[in-house]
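J.: Chains as they are written, first to last, in the working numbering: chain A, 603 to 791; chain B, 603 to 791. Yeah, the Cβ is synthetic: ideal placement off N, Cα and C, and Gly gets one too. This is the structure I want to talk about, given as structure tokens.
Number of protein chains: 2
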Amino acid sequence: MSGKTTREQIIAAADELFYHRGFEQTSFASIADVVHLSRGNFYHHFKAKDDLLDAVIAARLADTRAMLERWESEAPDPADRIRKFIDILLINRADIQSYGCPVGTLTSELAKLDHTALGAAGGLFTLFRDWLGEQFTRLGYRDDADDLAMHVLAASQGVATLANAFHDEQFIRREVQRLHDWLDTHIDD
Amino acid sequence: MSGKTTREQIIAAADELFYHRGFEQTSFASIADVVHLSRGNFYHHFKAKDDLLDAVIAARLADTRAMLERWESEAPDPADRIRKFIDILLINRADIQSYGCPVGTLTSELAKLDHTALGAAGGLFTLFRDWLGEQFTRLGYRDDADDLAMHVLAASQGVATLANAFHDEQFIRREVQRLHDWLDTHIDD
DNA sequence: GTCTATATACCGATAGAC
DNA sequence: GTCTATCGGTATATAGAC
Numbered sequence: 603m604s605g606k607t608t609r610e611q612i613i614a615a616a617d618e619l620f621y622h623r624g625f626e627q628t629s630f631a632s633i634a635d636v637v638h639l640s641r642g643n644f645y646h647h648f649k650a651k652d653d654l655l656d657a658v659i660a661a662r663l664a665d666t667r668a669m670l671e672r673w674e675s676e677a678p679d680p681a682d683r684i685r686k687f688i689d690i691l692l693i694n695r696a697d698i699q700s701y702g703c704p705v706g707t708l709t710s711e712l713a714k715l716d717h718t719a720l721g722a723a724g725g726l727f728t729l730f731r732d733w734l735g736e737q738f739t740r741l742g743y744r745d746d747a748d749d750l751a752m753h754v755l756a757a758s759q760g761v762a763t764l765a766n767a768f769h770d771e772q773f774i775r776r777e778v779q780r781l782h783d784w785l786d787t788h789i790d791d
Numbered sequence: 603m604s605g606k607t608t609r610e611q612i613i614a615a616a617d618e619l620f621y622h623r624g625f626e627q628t629s630f631a632s633i634a635d636v637v638h639l640s641r642g643n644f645y646h647h648f649k650a651k652d653d654l655l656d657a658v659i660a661a662r663l664a665d666t667r668a669m670l671e672r673w674e675s676e677a678p679d680p681a682d683r684i685r686k687f688i689d690i691l692l693i694n695r696a697d698i699q700s701y702g703c704p705v706g707t708l709t710s711e712l713a714k715l716d717h718t719a720l721g722a723a724g725g726l727f728t729l730f731r732d733w734l735g736e737q738f739t740r741l742g743y744r745d746d747a748d749d750l751a752m753h754v755l756a757a758s759q760g761v762a763t764l765a766n767a768f769h770d771e772q773f774i775r776r777e778v779q780r781l782h783d784w785l786d787t788h789i790d791d
């Protein structure tokens, strides 16, 4: 906390609350409680709630980009990189069972709200989509690299939604294994 | 409209608004506007908003049961029945692109709200899960019939979430075809 | 940059006349 | 069974003192 500016603390608190309770259900008061700030002081940092949402999405985009770059340096093999993506379902299984996927649930909520930030939130999906597509391209796929990327993305979203609904960790493990098996059938080496 | 009671009209209006805008974001006033009723009169029919939610979920459960029974009478072959389930992604593609899956999005929202009706909403998933599991059992699967049912359910949820995020109809068509192909590899006849 | 006080609007829910 | 009027609470957002 010491190294963070007030603005960064607000974004971090909002990020978590948006994920746990949803965007619309998260009030400025609840964020202010976490950051130990008064409601009035809030508007010095963010003019409106939508501006805060934009900042949270921008922060998530930056975090995701950093994660993907880390994966790239850790795993030179494109198949291993895709495996890292699949495994976040396991790594984040506790949060996923409680709150679903942070990207999928935010996108669904903003779609129902008909919110202007829906496009920005969809950029998080695009980030993963393009990155996965690039890995499939490196695996030798050309025209259908994007289709395969979307398939992996959809599979992970389906697992997150049902894991959240049923609170079933074994289901996550089974589906992750199934996805790894599917990936293996799409690698010729 | 003529043959429906006021209560049934309220439930139908709430059902649609909950799907299009979400539960929390749907106010009594907006439902009252649709049914042409005053806000005050509302509480003659439903004591609280949660009671209305329970009624909407009960109505969806009844509608779903009726649909599954219709499928059973239309298709004696369990594989054809599963195909009918897969094809609702195509039939409802317009709504899915705009609002996602009515079951998945409601469950995600109630999970974040920590709402008591989350279990009841999950019953909608259980209905499909058990029905799909029974079809896989009839196809000869025993221990893993439920796993396969959950896999089909997860696949459909993933497609719905991404179709909603990207508004991509061709993606739906590709993934539906992929699911049909997957199903064919799981039928030996 | 932080605070208190407040404006304005909407929410779910209630009371009571008709 | 339907209505109007209203309560109490909370939301976003603003104004202005310190």
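Could you check whether I693 of chain A and A765 of chain A sit closer than 8 Å to each other, using their CB atoms as the reference points?
T.: No; because the gap between Cβ atoms is not below 8 Å, this pair is not in contact.
J.: Alpha carbons only, please: which of A:E618, A:L750 and A:L781 is nearest the one belonging to F730 of chain A?
T.: Minimum Cα distance to F730 of chain A is reached at A:L750.
J.: Beta-carbon separation of L755 of chain B and T666 of chain B under 8 Å?
T.: Cβ atoms of L755 of chain B and T666 of chain B: not closer than 8 Å.
J.: Could you check if A664 of chain B is buried or exposed, using at least 16 other CB atoms within 10 Å of its CB as the buried criterion?
T.: Label assigned to A664 of chain B: exposed.
J.: Less than 7 Å between C-beta atoms, sequence neighbours within five positions excluded: which residues of the same chain meet that for A634 of chain A?
T.: So the list reads S640, R641 and F644, once near-sequence residues are dropped.
J.: With 8 Å as the threshold, decide whether the Cβ of Y645 of chain A is near any Cβ in chain B.
T.: Judged by the 8 Å Cβ criterion, Y645 of chain A is not in contact with chain B.
J.: The segment 688-708 of chain A: which residues have C-beta closer than 7 Å to a C-beta of chain B, in chain order?
T.: Going along the segment 688-708 of chain A in chain order, one finds Y701, G702, G706 and T707 with a Cβ nearer than 7 Å to chain B.
J.: Buried or exposed, going by whether 16 or more other CB atoms sit within 10 Å of the CB of P678 of chain A?
T.: P678 of chain A comes out exposed.
J.: Quick check: the Cα distance between V778 of chain B and K686 of chain B, rounded to an integer number of angstroms?
T.: Approximately 11 Å between the Cα atoms of the pair.
J.: By the 10 Å Cβ neighbour count, where 16 or more other Cβ atoms means buried, how is S710 of chain A classified, buried or exposed?
T.: It counts as buried.
J.: Is it right to say H753 of chain B is buried, meaning 16 or more other beta carbons lie within 10 angstroms of its own, or is it exposed?
T.: When all chains shown are included, H753 of chain B counts as buried.
J.: Exposed or buried, what is A660 of chain B when buried is set at 16 or more other beta-carbons lying within 10 Å of its beta-carbon?
T.: Per the 10 Å Cβ criterion, exposed.
J.: Does S710 of chain A come within less than 8 Å of chain B when only Cβ atoms are used?
T.: Yes, its Cβ sits closer than 8 Å to a Cβ of chain B.
J.: Taking 8 Å as the cut-off, does the segment 702-720 of chain A touch the segment 732-740 of chain A (at least 3 CB pairs, one atom from each stretch)?
T.: The segment 732-740 of chain A vs the segment 702-720 of chain A: no contact.
J.: What residues of chain B sit near F815 of chain A, judged by a beta carbon separation below 7 Å?
T.: Given a span of 603 to 791 for chain A in the structure shown, any question on residue 815 of chain A remains unanswerable.
J.: Distance check for S758 of chain B and I688 of chain B, CA to CA, integer angstroms please.
T.: Those two C-alpha atoms are separated by around 7 Å.
J.: If distances are taken between C-alpha atoms only, which option among B:H638, B:D745, B:L691 and B:L655 comes closest to Q627 of chain B?
T.: Residue B:L655 is the option with its Cα nearest to Q627 of chain B.
J.: Any idea what DSSP makes of T739 of chain A, helix, strand or coil?
T.: If DSSP states are grouped into helix, strand and coil, T739 of chain A belongs with the helices.
J.: Relative to the C-alpha of F625 of chain A, which candidate in A:D783, A:L712 and A:E674 has its C-alpha closest?
T.: Per the Cα distances, A:L712.
J.: Enumerate in chain order the residues of its own chain whose CB-to-CB distance from S604 of chain B is below 8 Å, with the five nearest sequence positions on each side excluded.
T.: Annotation note: pLDDT 49 at S604 of chain B (below 50); position unreliable, no value reported.
J.: Which value, in whole angstroms, describes the spacing of the CA atoms of A681 of chain B and V705 of chain B?
T.: If you take the alpha carbons of A681 of chain B and V705 of chain B, they lie about 23 Å apart.
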